[in-house]
Each structure stands twice: as C-alpha cells, then as structure tokens.
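Down below is the structure, laid out as structure tokens.
2 protein chains.
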Amino acid sequence: MAKGNLLYAQSGGVTAVINATASAVIQAARRHKVKVLAARNGILGALREELIDTSKESIGAIRALAHTPGGAFGSCRYKLKTLETDRAQYQRLIDVLRAHDVRWFLYNGGNDSADTAYKLSQLAAEFGYPLACIGVPKTVDNDLAVTDCCPGFPSAAKYTAVSVREAALDVAAMADTSTKVFVYEAMGRHAGWLAAASGMAGNGPDDAPQIILFPERTFDETAFLAKVKATVARVGWCVVVASEGVRDASGHFLSEGGTVDAFGHVQLGGVAPHLAEIVKNRLGMKVHWTVPGDRSRTRNGGRRSRR
Amino acid sequence: MAKGNLLYAQSGGVTAVINATASAVIQAARRHKVKVLAARNGILGALREELIDTSKESIGAIRALAHTPGGAFGSCRYKLKTLETDRAQYQRLIDVLRAHDVRWFLYNGGNDSADTAYKLSQLAAEFGYPLACIGVPKTVDNDLAVTDCCPGFPSAAKYTAVSVREAALDVAAMADTSTKVFVYEAMGRHAGWLAAASGMAGNGPDDAPQIILFPERTFDETAFLAKVKATVARVGWCVVVASEGVRDASGHFLSEGGTVDAFGHVQLGGVAPHLAEIVKNRLGMKVHWTVPGDRSRTRNGGRRSRR
Chain A
303 MAKGNLLYAQ SGGVTAVINA TASAVIQAAR RHKVKVLAAR NGILGALREE LIDTSKESIG
363 AIRALAHTPG GAFGSCRYKL KTLETDRAQY QRLIDVLRAH DVRWFLYNGG NDSADTAYKL
423 SQLAAEFGYP LACIGVPKTV DNDLAVTDCC PGFPSAAKYT AVSVREAALD VAAMADTSTK
483 VFVYEAMGRH AGWLAAASGM AGNGPDDAPQ IILFPERTFD ETAFLAKVKA TVARVGWCVV
543 VASEGVRDAS GHFLSEGGTV DAFGHVQLGG VAPHLAEIVK NRLGMKVHWT VPGDRSRTRN
603 GGRRSRR
Chain B
303 MAKGNLLYAQ SGGVTAVINA TASAVIQAAR RHKVKVLAAR NGILGALREE LIDTSKESIG
363 AIRALAHTPG GAFGSCRYKL KTLETDRAQY QRLIDVLRAH DVRWFLYNGG NDSADTAYKL
423 SQLAAEFGYP LACIGVPKTV DNDLAVTDCC PGFPSAAKYT AVSVREAALD VAAMADTSTK
483 VFVYEAMGRH AGWLAAASGM AGNGPDDAPQ IILFPERTFD ETAFLAKVKA TVARVGWCVV
543 VASEGVRDAS GHFLSEGGTV DAFGHVQLGG VAPHLAEIVK NRLGMKVHWT VPGDRSRTRN
603 GGRRSRR
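So the sequence lines, in the order shown, correspond to chains A and B.
Numbered by the numbering used here, the letters in the first sequence go through residues 303 to 609 in order.
Numbered by the numbering used here, the letters in the second sequence go through residues 303 to 609 in order.
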C-alpha cells in the first residue's frame, strides 16, 4: 500500500452523476493501491469521524456505484466559514485526517467546497502536515470557476431538452382547444446554461422553445408578450423556457415581483407561474407551467439537483 | 379493398402511448385492407371534415408512430352533449362519415369518448346507416368503465414509482442537514391507482414511500402527522405520496382547504404544498414537495397526461 489514505466527501445537492465521480475516485485510488475512506454525510462525517472504509466493498459494488442514483455516502448542506471565525473546525478536520493517516482529501461539490478544500490545504501547510486537497467539481448549473463543463450539467441539460421537446409535442397536440402557451422553468439562479440547453429541443424558429429567458439578460415584458402573441399566431402555440433567475430592469428576480399579488408567487418563488399569470391576464390565452422537480418553501438553497 | 373506410380520432390529454394505439389501429386495418382516415384534433376534425388519409404514409412511418411522443393527429378537449341537446352535431358527424364512406369509427379516449361513440352508434342505427362505433381506452388514471388496465396507466405508473424511488435516494442522502420530508403529488383525482403505483418504489416499511394517501380514503391529519413523525424518528426521513384527490372528513379536496390561507393553495390546487405546509408548521421539519408535470391555473381539466 502507498503511504497514507484518501478521504472522499460529497457536498450539497446530489446530481445524477455524483456517484459516478465517487466510483471513479475509488477505482483510480485502488489502481494506485491507496485506500479510500468516504465521509458519511459530507464534511460532517469528517468532523464527526464517521468514515466509511470503501476497501471492504467489492470491485463489483464500486463499479455499480457509477450507475446508482442519489448520494451513496450521504451529502450535506454545511458551509465552513473563514479560517479566522471557524478555525476550531478546520483544526478538528486536520486532527481527524491525521488520526486516519489521510494524505489526500477530495471534496466533491461546488465553488464553496473548492474554497473549503483550499483553506484546509492552507492550514495543513501551516501545521507542516502533508495533505493534498482537491476540489472535485459537481453542479447542474455549470457555473464553477475555471471549470468548462461541470459533471452533473450534461445529464441535467439533456433532461431539460428532452422534457421541453416532449412537453411541446403534447402542447401542439392539444393547442386547438386547450393550452396555447407552456412555460417551463429551468434551474440556474445565476447561470443560463440549463435554460440554454433547452434550445437543443428544436431545429428552427417554429420549433419549441420559441422563447428562452436568461438570468444574464434583463426581462422586457412588452417584447416578451409581443413575441408570445406573434408565435401563437404563426405556429398555433408557444413554449417558453425561463431560467429561475430571470430579473427585471430594477434587478429584482421576477419570482419576487409584487405586481401579481393575488397569485401568491412570492411564497412559491416561481418565475413560471409569474409569467403564466402575465400571459393569461394580458393575452387571455390558456397557459400551463412547470417548475423544477421540487420546490422548497424555504427557498434557502433548497432544490433538487437531480432532474 | 373492403367495403368502407375506418375513422380514428384521439380525445383529451395525450398519454405516452396514445400514438402506439394509433399505430396498432392503422396496421391492423391495413392487414384487413381497410383504409384509415385520422381526424385532425380529435372529434373536431370530424366535425370540420379535416381528415388525414393515413394510407399515404409508409409502413415505416406508421411503425415509427408507435414510439412517437405527443398525439400525432392532434387531440382536443371537446365534449359532445346529449343526443337531445346536441343532435345537430351528431347529425353532422353522420353526414361526414357517410360522405367519406366510413363504416368503422374508433374513438380513442376516456369514459366520455366511449359514451360519444355509443350515442353516435344509436343515431346511426336510427338512420339505418351501417356504422360500427368502438371506444378505444386511454387514460393514465386507470379508471375507465369495464376496463381492467387502461393504455397510458402502466407507463405513468412506472414513471411514478421510479420518480419516487429516485427522489427518496436524494432525500436520504441529504436528510442529515436538509430536507426531512418529501411530498410527491400523484395524479388521479378520483382514483388512487397512480398513487398506489408508487408503492412499487419500496420493498419494506422503511423504504419510500412510507405513506400513501388515497382519494378513496378520508384524510386523518392527526394520524398523518403521527406517522410522519414516527417515520422520521425511525428512518431519518419520510416520503409521502398523495393523490391529488385526497379529501377531508367533510368531503372537500385538501387542495381546496382554507385552513392555510397565507399559502395560496386555493389558486394552485396542490395537495402537496398543502401537506408540506402542515408538516412544516406542526412538526417544524424541512419539507420539499412536487406536483404533477404542469399545473393549470384554471384547474378545469388542464393537466399533462404524459408523465
């Protein structure tokens, strides 16, 4: 065996492929004769010294992990603060890593997780403890620093495009007597990658989605309604994909807007129901809408990454 | 060619397999050398004399139809009334059928469509016009008269079970620091078949879904909350599947309840957000929820059958 072990931990919302990353890490480490410990429920497992010895699992089980949904070792929503305010916790991490002879720490998450890994590497260097810290990218939003394509994004992108295409076929089949406009809310509060991915659903201006709204572009209600109206007149129906992070000219999220009080979208935080209400009220068209897989009432980061 | 043609029409919300039924009807008719006309946008196409001659399509195209999403010829939400009140429209149908030498009328839909086919057969007999009328079953709810298993139900049932299982894996992975309870709203306003199908997701009392709420059973809030609490204590998390048609002791839909005014569920008509609010307020647990693929603001039958 090589000198020292590797600790792997998952962080934040699990994606469709986070277990594939875990499987790859473990298989690669085995080839180098390095034992992999996995933290239970993310960084909390490291702090609590709840570590799973993956060397006890068969190679078949580790290979199967690549095709297993969910987060196999458990993940968590738990953010360490700065070294100054949270030094005791970073110190605790170093103590646990040292106790288990961990020389490699792989943290599978987003920008925050990469930052945590960086801070831990700083503290380890300060203590003269040899530790390689690596942030392993994961996110459906595709918005990680210095990462061109995040594991988690392609599967969510494909899901988005296929869902929009299938929904459009249903809308087209029913538009004569039923729904004329369909609004699909895509994830990505600050990045339009998933909304943009819906563009793969169509091949021309008459194919769905005829309208895509990005968080990077200011929402123009007049232009939006004009395009919906023109599309329905030309095609017979219209599919709109809206990023959850679409903002108005004042910089506010549409989902936080207060112009349509009766609807209750403030509690729900959905841009799709907001746009549906506008279309229904201004254009008098029947509208259906959908929001991401689940919707947390708390809105504090609660959402389902698997789509 | 046999004496006379066959008219096929689709009705109501399209399912994942309605085009498979269309493909089978056309292929079977071809074997008997009967030409199939398809009405554009359901019964409206027959009333408007907008008929598609499927004999112009290749056998390859007809076979591919079986695997094509949406409703290939268009469907509609349009219900003929009784023979007495709507006699002119039934008369018009007979006229169109006669003009195109239609001797078989296959209407692909639910109980209403079967009833329309029956009424048309009565009127045809009255006029001495030889016409075989057949209601071809279609619905995800699986609640058609004298039909054991409706085309559309199995695919929706599988989708429900797989979705609940996948969501449960995500919830389990995050429950330590995030969502403890997940509420999945299943379609089926008057029939619990799809809610029941979610039971395929698990193999024992600790697997999701730990709770299934049916429209056929009166909702007992006290018992519900006690079971959620006990499940979270024992398993660490709890998945609830609720039929959209769950009712309280007074016979009202939970989704129409007025006890949680601030939430706005009256407009949204969702039983899942209603239950989520109860769990959050009474048990103080973090809850996520999801509703069927789209949600019409009008609630007048508007929903997406493909799931």
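Idealized CB from N, CA, C, for every residue including glycine.
Thinking C-beta only, is B/Arg405 closer than 8 Å to B/Pro432? yes
Given a limit of 9 Å on CB to CB distance, which residues of the stretch 442–474 of chain A reach chain B? Ser465, Arg467, Glu468, Ala469, Ala470, Leu471, Asp472, Val473 and Ala474
Using a Cβ-Cβ distance under 8 Å, would B/Pro511 count as near chain A? no
Under 8 Å between C-beta atoms, does B/Asn413 make it to chain A? no
Just to confirm, is the Cβ distance from B/Cys540 to B/Val483 under 8 Å? yes
I'd like to check one pair, B/Gly490 with B/Pro456: are the Cβ atoms closer than 8 Å? no
Measure the Cβ-Cβ separation of A/Leu496 and A/Asp414 and say whether it is below 8 Å. no
B/Asn610 - containing alpha helix (DSSP H), residue span: Because chain B is modelled from 303 through 609, residue 610 of chain B falls outside the range shown and cannot be assessed.
Taking only the alpha-carbon atoms, compute the straight-line gap between A/Ile320 and A/Val327 and give it to the nearest angstrom. 11 Å
Is it true that the stretch 572–581 of chain B meets the stretch 465–473 of chain B, where meeting means three or more beta-carbon pairs spaced less than 8 Å apart? no
Mind pulling the chain B residues with CB within less than 7 Å of A/Ser357? Chain B residues near A/Ser357: none, gap ~22 Å exceeds 7 Å.
Beta-bridge pairing of B/Gln312 - partner residues as DSSP gives them: B/Asn410
Which residues, in order along the stretch 351–375 of chain A, keep a beta-carbon less than 7 Å from a beta-carbon of chain B? Pro371, Gly372 and Gly373
If the cut-off is 7 Å on Cβ atoms, which residues from the stretch 373–396 of chain B count as contacting chain A, listed in chain order? Gly373, Gly376, Ser377, Cys378, Arg379 and Tyr380
Taking buried to mean at least 16 other C-beta atoms within 10 Å of its own C-beta, is B/His590 buried or exposed? buried
List, in order along the chain, the chain A residues whose C-beta lies closer than 9 Å to that of B/Asn343? Ala475, Met476, Ala477, Asp478 and Thr479
Expressed to the nearest angstrom, what Euclidean distance is found between the alpha-carbon atoms of A/Ser557 and B/Glu352? 42 Å
For the stretch 311–325 of chain B, which residues have a beta carbon sitting closer than 8 Å to at least one beta carbon of chain A? Gln312, Gly315 and Val316
Report the three-state DSSP secondary structure of B/Tyr431 (helix, strand or coil). coil
On a Cα-Cα basis, can you pick out the residue from A/Ala498, A/Asn505 and A/Ala390 that is closest to A/Glu546? A/Ala498
Given A/Ile345 as reference, the closest of A/Ser313, A/Ala426 and A/Val542 once Cα atoms are compared: A/Ser313
Per DSSP, what are the beta-bridge partners of A/Leu353 in this structure? A/Ala341
Report all residues from its chain with a CB closer than 8 Å to the CB of B/Lys421; omit the five preceding and five following residues, and keep chain order. Leu382, Thr384, Leu385 and Tyr392
Cβ-based neighbour list, B/Asp509, same chain, cut-off 8 Å, excluding 5 preceding and 5 following: Ala470 and Ala503
At a Cβ threshold of 8 Å, is A/Leu346 touching chain B? yes
What is the C-beta distance between A/Pro453 and A/Thr323, in whole angstroms, given that I count them as a contact (C-beta under 8 Å)? 6 Å
Pull the bridge partners of B/Leu515 from the DSSP assignment, please. B/Ala544
Exposed or buried, B/Asp450, counting other C-beta atoms within 10 Å across all chains shown (16 or more means buried)? exposed
Quick check on the DSSP output: the alpha helix (DSSP H) that includes A/Tyr392 runs from which residue to which? Arg389 to Ala401
8 Å Cβ cutoff met for A/Leu349 and A/Leu309: no
Please report the straight-line C-alpha distance between A/Thr418 and A/Ile396, rounded to a whole angstrom. 12 Å
Of the residues A/Leu446, A/Arg549, A/Ala390 and A/Glu428, which one's Cα is nearest the Cα of A/Asn410? A/Leu446
In the DSSP assignment, find the unbroken alpha helix (DSSP H) run with B/Trp495 in it and report its ends. Trp495 to Ala499
Along the chain, where does the beta strand (DSSP E) containing A/Glu558 start, and where does it finish? Per DSSP, A/Glu558 belongs to no beta strand (DSSP E) and is neither H nor E.
Could you check how far apart the C-beta atoms of A/Arg342 and A/Ile361 are, in whole angstroms? I think they sit under 8 Å. A/Arg342 to A/Ile361, Cβ: 22 Å. No contact.
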